[in-house]
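First comes the structure, then the notes that go with it.
Numbering (the working numbering), first residue to last: 877 to 1223.
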């Protein structure tokens, strides 16, 4: 399990840092203060990203709520994986969580639309879509029983392998790819010709050592934080997929927050998230650069090969419309991207 916890710890700690500012009321009693607010994550305690919480978020937390609240964080998968954490939230045992991109789509399948392959070229496009569509996704999460407290970033995922060079579309054929992210990832890898090795979280670490799979898609921190230097040999840093991370509260927990506190949070949220996400993105870039210092081979697609690979995955968005998300949601997202690129040019 440690293998996967580290893979998303940057995103999860980023998410959790926004969950502390409030005292919540017990379910069914909006007047009774909940002194201990319980949230969970698979991220381990004491990671470097917690520094950003202490330096950026904690001062705002103290200003908004003082020092009279008690937040209990269950770190390191103590409450299980993302799926188990969500189940505990639905049962009322937990009030909130910081989740990976996989967990986000388990909570709200429609969130899969932002994870389509090669959808975004850069974080400027991501930020524009966040600005335009956060209220839309807030409503969708609400329908699934959760409030989207904060939309953070996991990273732009890259291709990692144990010795396979990915420079052509044909290089994917019959390569054993580990998959745990969900149906969208499975569709992506199938379209590229790869063989799927579906794994649950506890299986991933031993399977990497025994050679059950040869390659995977994930963030650079997946390799660096898990100390996989003796296993991973090749990386292709193409932005094959944007992965979000999210803070979620149960609807009941959010509804119990006093309106004045909500308004104070909304006034601070945009600026706070921009600062925090900037730090997380800097960490992600440093993680990628660190991989090269460990001697890992950098593979790249030529422009023509990248066009072929994008063509092989182009129809995934429409194929999954009506299954994971509505066609209207997909069309809205694509229109926002078209508008942004028309104003700023293709990058």
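Every residue, glycine too, gets a C-beta built ideally from N, C-alpha and C.
Using DSSP with H/G/I as helix, E/B as strand and the rest coil, what is residue i?
{"i": "residue 1122", "result": "strand"}
{"i": "residue 969", "result": "coil"}
{"i": "residue 980", "result": "helix"}
{"i": "residue 949", "result": "strand"}
{"i": "residue 1095", "result": "coil"}
{"i": "residue 908", "result": "Note on residue 908: pLDDT 48, under 50, position unreliable in the model; the coordinate value appears next. Coil."}
{"i": "residue 876", "result": "Since the displayed the chain opens at 877 and closes at 1223, residue 876 lies outside it and no answer follows."}
{"i": "residue 918", "result": "coil"}
{"i": "residue 974", "result": "strand"}
{"i": "residue 944", "result": "In this predicted model, residue 944 has a pLDDT of only 47, less than 50, meaning its place in the structure is not dependable; the value taken from the coordinates is given anyway. Correct three-state label for residue 944: coil."}
{"i": "residue 1089", "result": "coil"}
{"i": "residue 902", "result": "Residue confidence for residue 902 is low, a pLDDT of 44 falling below 50, so the modelled location carries little weight; the figure read from the coordinates is stated next. If DSSP states are grouped into helix, strand and coil, residue 902 belongs with coil."}
{"i": "residue 889", "result": "Low confidence applies to residue 889: its pLDDT is 48, below 50, so where it sits in the model is not reliable, and the reading given next is rough at best. Helix, per DSSP."}
{"i": "residue 1147", "result": "helix"}
So residue i is in the alpha helix (DSSP H); what residue range does that whole segment cover?
{"i": "residue 992", "result": "Per DSSP, residue 992 belongs to no alpha helix (DSSP H) and is neither H nor E."}
{"i": "residue 1083", "result": "1077 to 1086"}
{"i": "residue 1188", "result": "1179 to 1189"}
{"i": "residue 956", "result": "No alpha helix (DSSP H) holds residue 956; DSSP gives it neither H nor E."}
Mind checking which residues open and close the beta strand (DSSP E) that includes residue i?
{"i": "residue 1132", "result": "Here residue 1132 belongs to no beta strand (DSSP E), and DSSP marks it neither H nor E."}
Looking at C-alpha atoms only, which residue of the options is the closest neighbour of residue i?
{"i": "residue 1068", "options": "1097, 984 and 1047", "result": "1047"}
{"i": "residue 1028", "options": "1020, 1007 and 1045", "result": "1007"}
{"i": "residue 1000", "options": "1150, 1100 and 980", "result": "1150"}
{"i": "residue 1107", "options": "1198, 1080 and 994", "result": "1080"}
{"i": "residue 1088", "options": "1054, 1199, 1195 and 936", "result": "1054"}
{"i": "residue 975", "options": "1109, 1173 and 950", "result": "950"}
{"i": "residue 935", "options": "1144, 1075 and 990", "result": "1144"}
{"i": "residue 1072", "options": "1130, 1082, 1090 and 1085", "result": "1090"}
{"i": "residue 1120", "options": "955, 980 and 932", "result": "980"}
{"i": "residue 1129", "options": "956, 918, 971 and 967", "result": "971"}
{"i": "residue 1198", "options": "989, 1214 and 1140", "result": "989"}
{"i": "residue 1060", "options": "958, 1190, 954 and 1170", "result": "1190"}
{"i": "residue 931", "options": "1183, 1173, 1203 and 1152", "result": "1152"}
{"i": "residue 1172", "options": "1179, 1005 and 1164", "result": "1164"}
{"i": "residue 1188", "options": "1207, 1063 and 1098", "result": "1063"}
{"i": "residue 958", "options": "918, 986 and 992", "result": "918"}
{"i": "residue 968", "options": "986, 992, 1021 and 1011", "result": "1021"}
{"i": "residue 869", "options": "1030, 995 and 1026", "result": "Outside the shown range of the chain, which is 877 to 1223, sits residue 869, and nothing can be said about it."}
{"i": "residue 1175", "options": "1039, 1132, 1221 and 1160", "result": "1039"}
{"i": "residue 821", "options": "1115, 1158, 1154 and 1049", "result": "The requested residue 821 does not occur in the structure, where the chain is confined to residues 877 to 1223."}
Going by the DSSP bridge assignment, what does residue i pair with across the sheet?
{"i": "residue 1157", "result": "Paired residue(s): none; residue 1157 is not in a bridge."}
{"i": "residue 1111", "result": "1036 and 1174"}
{"i": "residue 1164", "result": "DSSP lists no partner for residue 1164."}
{"i": "residue 1117", "result": "1033"}
{"i": "residue 1004", "result": "Residue 1004 is not bridged to any residue."}
{"i": "residue 1141", "result": "Answer is none; residue 1141 lacks a bridge partner."}
{"i": "residue 1074", "result": "1055"}
| query | Can you give, in chain order, each stretch of the beta strand (DSSP E) that sits fully within the segment 1017 to 1072 and has at least 3 residues? | reply | 1022 to 1037 and 1052 to 1055
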